[in-house]
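Quick notes on the structure that follows.
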Amino acid sequence: MPNIITHALLAQDAIESIECPTLSALIAKYPRVYALGSSGPDFLFYYKILPWEKPDPTVRVKEIGNKIHSSQVNDFYQNAIEVIQATVDETQRSIMTVFLAGHLTHWALDTSAHPYIFAKTGEIGKGATKYWHFRFESMLDTLMVTQVKGFKIENIHMPEFVSSNKETRHVISKFYQQIVLNCFEVNIPLSIYDTCLRSMASTAKLLYDPYTLKFPSIQLAEKAAGRLWEFTGHMVIGEVDTKHDILNIAHKQWSHPCNQNMVSTESFLDLYLKAKDRAMAALYTLEGIMNATQPKASLNLITRDLNYDTGLSNPPAMQFYDPIY
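Residue numbers for the sequence shown follow numbering that gives the first Met the number 0, beginning at 0 and rising by one.
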């Protein structure tokens, strides 16, 4: 999952590049919901995420987050549309639609860029590469803002992309609860979804370090504890990593982590543009479904059950890595 900022940038680039009057009008009305939606299912990973918090082991929200990333992609989005179409309240239906639009752009970027990111960072949660995935994605945010878009990182207020009010959280919680129940037969309480959404926003404030003030001292503590990058890997900082070619500007060859014969020299920017095209196609289709000019099943032709982690449908296990660090 490229980090919060990069997903929000892609979502904005996609909607600004297409003519979808109905959808664009809704997004203009609820821009923060669209930005929040661009974080996709990642908010589920923020349940009791901080070291001093004690998660309830019976709450399966992180497990569901992983399932959404790796399986039943078509079913998820078909169920999402059905929930929207069955919602009578116009405000709630609008919020759900805008959130779903952002969610589709998240899927578009993950499916396009995740193979490269996994290839260059290795397996998550194990050995030396345990935290490299997050470290890499956080630096992608810094580079996309400063090197690609030409903005100052301190002017991009990351926490605002995932902020939400009580009404938004309630609607999204209801939305997700029903989709997850339909797809995975797991009924997670609304309060848990609300907790995840609030936690994502509060955690983003801790992780946002545009002047690289908090990062050095926290990393020293990590080194002392033998847990390097456990927290700092998630931090978006102002200092640019000039040692590693994170964006693959040199177009070095890399292999898909599921199949070493699937080779590419694409840069992250190439993948970003591919993701933009994929996101635009998804948004066009969603517009057609909203206006009843296309059946909801037409979205399956876009999503094709491509999972978020590999960009493939029913892929073999990831095993081919060439870490950049």
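The beta carbon of each residue, even a glycine, is placed where N, CA and C say it ideally should be.
At which residues does the alpha helix (DSSP H) containing residue i begin and terminate?
i, result
"residue 113", "89 to 120"
"residue 234", "Note, residue 234: premise wrong, no alpha helix (DSSP H); not H, not E."
"residue 80", "72 to 85"
"residue 131", "131 to 142"
"residue 214", "214 to 224"
"residue 320", "Here residue 320 belongs to no alpha helix (DSSP H), and DSSP marks it neither H nor E."
"residue 60", "60 to 69"
"residue 287", "267 to 289"
"residue 306", "No alpha helix (DSSP H) contains residue 306, which DSSP labels as neither H nor E."
"residue 300", "299 to 302"
Considering only the beta carbon of each residue, do residue i and residue j sit closer than 8 angstroms?
i, j, result
"residue 182", "residue 75", "yes"
"residue 302", "residue 131", "no"
"residue 38", "residue 279", "no"
"residue 137", "residue 239", "no"
"residue 178", "residue 59", "no"
"residue 33", "residue 100", "yes"
"residue 161", "residue 200", "yes"
"residue 210", "residue 122", "no"
"residue 43", "residue 282", "no"
"residue 72", "residue 313", "no"
"residue 80", "residue 92", "no"
"residue 237", "residue 141", "yes"
"residue 192", "residue 176", "yes"
"residue 108", "residue 274", "yes"
"residue 97", "residue 26", "yes"
"residue 319", "residue 139", "no"
"residue 46", "residue 198", "yes"
"residue 40", "residue 64", "yes"
"residue 308", "residue 68", "yes"
"residue 300", "residue 285", "no"
"residue 163", "residue 35", "yes"
"residue 317", "residue 117", "yes"
Which residues bound the beta strand (DSSP E) around residue i?
i, result
"residue 250", "First-last for residue 250: undefined, no H or E at that position."
"residue 161", "Here residue 161 belongs to no beta strand (DSSP E), and DSSP marks it neither H nor E."
"residue 259", "258 to 263"
Assuming residue i contacts residue j (C-beta within less than 8 angstroms), just tell me the rounded distance between them.
i, j, result
"residue 8", "residue 202", "At roughly 20 angstroms, the Cβ-Cβ gap does not stay under 8 angstroms, so residue 8 and residue 202 are not in contact."
"residue 327", "residue 104", "This structure leaves residue 327 out entirely; the chain is present only between 0 and 324."
"residue 157", "residue 207", "4 angstroms"
"residue 270", "residue 115", "6 angstroms"
"residue 119", "residue 133", "Not quite, the Cβ-Cβ distance comes to about 13 angstroms (not below 8 angstroms), so this is no contact."
"residue 4", "residue 245", "About 14 angstroms separates the two Cβ atoms, so there is no contact after all."
"residue 315", "residue 257", "5 angstroms"
| said: I want to know whether the stretch 248 to 257 touches the stretch 218 to 234 - three or more CB-CB distances under 8 angstroms. | reply: no
| said: As an exercise, report each continuous alpha helix (DSSP H) stretch of at least 4 residues that is fully enclosed by the stretch 3 to 47, in chain order. | reply: 3 to 15, 20 to 28, 30 to 36
| task | Ignoring anything shorter than 4 residues or poking outside the stretch 161 to 210, list the alpha helix (DSSP H) runs there in chain order. | result | 165 to 183, 189 to 206
| query | If you pair each beta-carbon of the stretch 139 to 154 with each one of the stretch 164 to 179, do three or more pairs fall below 8 angstroms? | reply | Judged by Cβ distances under 8 angstroms, the stretch 139 to 154 makes no contact with the stretch 164 to 179, as fewer than three pairs qualify.
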